Amino acid sequence: MGGSHGMGGGGAAAVAPAVQVAPQAAPVVQAVAPPAPPKPKPKQTREQQLLAQVKGNPAALMQMSDQDAADTVAAVEKQAIATDGSQRDCFVQRYMAEIGWATNKPELLTDAAYEKARKKAGEESMYHADKNFGGKTGKHYNQQLQTGSTAYYSEGYSGAGTYWAHNSAADSACYGRYQVKAFLNRKAKLVTTYTLANDARQLKRQKPKLYAALIGAKRGYGRNEESLYPILAAARGCNVIVRDTFSPQVSRSAGQYIVTLDRGALTMSKKTVAGATTYMNNW
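Heads up: the sequence shown runs through residues 0 to 282, numbered per numbering that gives the first Met the number 0.
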C-alpha cells in the first residue's frame, strides 16, 4: 500500500483575517468661559450710610459725631410714613420706625387672663383714651394700639408716644371716651423726665448740632421735649417715660403720666370701654 497522508492531511489550517478597527477621533473639548464677575453693588449715599447705622440700633445716634448725628436727624425726617392716618407726621414716628420700635406689638389677653397676669406681676393698670379724630373713631385708635401694624406717636410735652394715666381710668377719660388698659411687663425699661432733662442739658453742651437738629424736628404743641425725650430715652435703652420732674428714681402714683415708646413693653386687655367718663372707677 502506498503511503498515505492519513485523515486530515494535506496542508495548513486557514487563518481568519484580522479585524480592522477604525481609529477613534480625539474628543472635542468645549471651551468654557469663566463666570462673569458679580456686578458691584451701587455705592450707598452718605444719607443711606447714616440711616443704616441707626437701623435697629437705638444707641447709635448718640455714639456718632455731632455732625453725623445732626445729618442723621435730617435724613430720618425725609423718610416716608403712612398717610392713612395710622401714623403721625412727626420726627419721633419716623425715628421709632428706623430703630424698630414702632412695629413691636403688645401682649394681648382676654380681660380675665389679663387681670390674672397683672395680679401675678404685682402691677397696677394704666389707662389710655382716644377721641374721634381725623375722620376715624376713638375705637379705631384703640384697636390700632392693640393690634395695629404700627404704633401712633401722639404729641406731648413729655415726649411723643402713647400717653397713659397710671391707675386712674377717670384721669385718662379727660382725653377721650374710648378707653383701653394695660400694665407694664418685663420688657419695660423706665426712665423719668427728670433724668431726661439732665440728659438734654448735657447733650446741648456736648453735641450742640444734634441738639439743635432735634429741637428743630419738634411738631405740635410739645415744645422741645417732644422730640428730645423719646430719643434720649431710646439711647438709654428705655422704652417708657415716667413724668417726674423732681427725681431720677422711678415711682408711680395714681394719675401720673406714663409715656410708652414701644408696645412690646405692654400687656393689654382685649376689653375696651366706649363711654369713659371723668368720674368712672377703674376697671
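A virtual CB, placed ideally from N, CA and C, is assigned to each residue, including glycine.
Everything numeric in this text was worked out from a predicted model, so none of it was measured.
| message | On the criterion of 16 or more Cβ atoms from any shown chain inside 10 Å, does Tyr177 qualify as buried, or is it exposed? | response | One-based indexing of the sequence shown puts residue 177 at position 178. Buried.
| field | Residue closest to Ala234, alpha-carbon to alpha-carbon, out of Leu195, Gly134, Gln48 and Glu154 | value | Position 235 of the sequence shown, counted from the start, is the residue given in the question as residue 234. Ranking the options by Cα distance to Ala234, first place goes to Leu195.
| query | Could you give the distance in angstroms between the alpha-carbon of Ser171 and the alpha-carbon of Tyr162? | reply | For this step, residue 171 is matched to residue 172 along the sequence shown. For this step, residue 162 is matched to residue 163 along the sequence shown. Looking at the two C-alpha atoms, the distance is approximately 9 Å.
| task | State the start and end residues of the unbroken beta strand (DSSP E) segment that holds Phe182. | result | Within the sequence shown, numbered from 1, the residue matching residue 182 stands at position 183. Start and end: Tyr177 to Leu183.
| field | Span separating the alpha-carbon of Asp129 from that of Ala181 | value | Residue mapping note: residue 129 aligns to position 130 of the sequence shown, counting from 1. Residue mapping note: residue 181 aligns to position 182 of the sequence shown, counting from 1. As the crow flies, the alpha-carbon of Asp129 is around 14 Å from that of Ala181.
| said: Need the endpoints of the beta strand (DSSP E) that Glu106 sits in, please. | reply: Position 107 of the sequence shown holds residue 106. Segment Glu106 to Leu108, the beta strand (DSSP E) holding Glu106.
| When you compare each of Ala32, Thr146 and Leu231 to Pro57 by their alpha carbons, which one comes out closest? | For the purposes of this step, residue 57 is identified with residue 58 of the sequence shown, where counting begins at 1. Looking at Ala32, Thr146 and Leu231, the one whose alpha-carbon comes closest to that of Pro57 is Leu231.
| Those runs of the alpha helix (DSSP H) which lie wholly inside the region 237-276 and span at least 4 residues | Correct list: empty.
| Contact the region 185-193 vs the region 237-246: 3+ CB pairs below 8 Å | Flag = yes, the region 185-193 and the region 237-246 touch.
| field | Span separating the alpha-carbon of Cys89 from that of Ile214 | value | Position 90 of the sequence shown, counted from the start, is the residue given in the question as residue 89. Position 215 of the sequence shown, counted from the start, is the residue given in the question as residue 214. Separation of Cys89 and Ile214 (C-alpha to C-alpha, rounded to the nearest whole angstrom) is 12 Å.
| Cα-Cα separation between Arg262 and Ala159, rounded to whole angstroms | Numbered from 1 along the sequence shown, position 263 holds the residue referred to as residue 262. Numbered from 1 along the sequence shown, position 160 holds the residue referred to as residue 159. One Cα belongs to Arg262, the other to Ala159, and the distance between them is close to 14 Å.
| message | At a cut-off of 8 Å, would you count Pro57 as near the ligand SAM, judging by its Cβ distance to the nearest heavy atom? | response | In the structure on display, the ligand SAM does not appear, and there are no ligands present to speak of.
| Starting from Asp198 and walking both ways along the alpha helix (DSSP H), at which residues does that stretch end? | By one-based count along the sequence shown, residue 198 stands at place 199. Counting along the chain, the alpha helix (DSSP H) containing Asp198 begins and ends at Thr192 to Gln205.
| Supposed close pair Asn281, Asn166 - CB separation, criterion 8 Å | Translated into positions along the sequence shown, residue 281 becomes position 282. Translated into positions along the sequence shown, residue 166 becomes position 167. Taking the Cβ atoms as the reference, Asn281 lies roughly 7 Å from Asn166, within the contact range of under 8 Å.
| When you compare only the Cα positions, how much space is there between Val179 and Met61? | For the purposes of this step, residue 179 is taken as the residue at position 180 of the sequence shown. For the purposes of this step, residue 61 is taken as the residue at position 62 of the sequence shown. For the pair Val179 and Met61, the Cα-to-Cα distance works out to about 34 Å.
| Taking the continuous beta strand (DSSP E) assigned at Asp88, which residues delimit it? | One-based indexing of the sequence shown puts residue 88 at position 89. From DSSP, Asp88 is part of no beta strand (DSSP E); its letter is neither H nor E.
| query | Just reading off the alpha helix (DSSP H) that Thr44 is part of, what are its end residues? | reply | Sequence index remark: in the sequence shown, residue 44 carries index 45 (1-based). No alpha helix (DSSP H) holds Thr44; DSSP gives it neither H nor E.
| Helix, strand or coil at Lys118 [DSSP, three-state] | Here residue 118 is taken as the residue at index 119 of the sequence shown, counted from 1. The answer is helix: DSSP assigns Lys118 an H, G or I state.
| Quick one: what's got a C-beta closer than 7 Å to Tyr278's C-beta in the same chain, skipping five residues either side? | As a working mapping, residue 278 is identified with position 279 in the sequence shown. Only Ala169 meet the Cβ criterion.
| task | Note the first and the last residue of the continuous alpha helix (DSSP H) segment covering Asp65. | result | Position 66 of the sequence shown, counted from the start, is the residue given in the question as residue 65. It spans Asp65 to Glu76 - the alpha helix (DSSP H) in which Asp65 sits, taken as one unbroken run.
| said: Ala69 and Ala212 - do their beta-carbons sit closer together than 9 Å? | reply: Here residue 212 is taken as the residue at index 213 of the sequence shown, counted from 1. Here residue 69 is taken as the residue at index 70 of the sequence shown, counted from 1. Yes.
| message | Less than 7 Å between C-beta atoms, sequence neighbours within five positions excluded: which residues of the same chain meet that for Leu49? | response | The residue labelled residue 49 in the question sits at position 50 within the sequence shown. Counting only Cβ-Cβ distances below 7 Å, and skipping sequence neighbours, we find Asp67, Asp70, Thr71 and Ala74.
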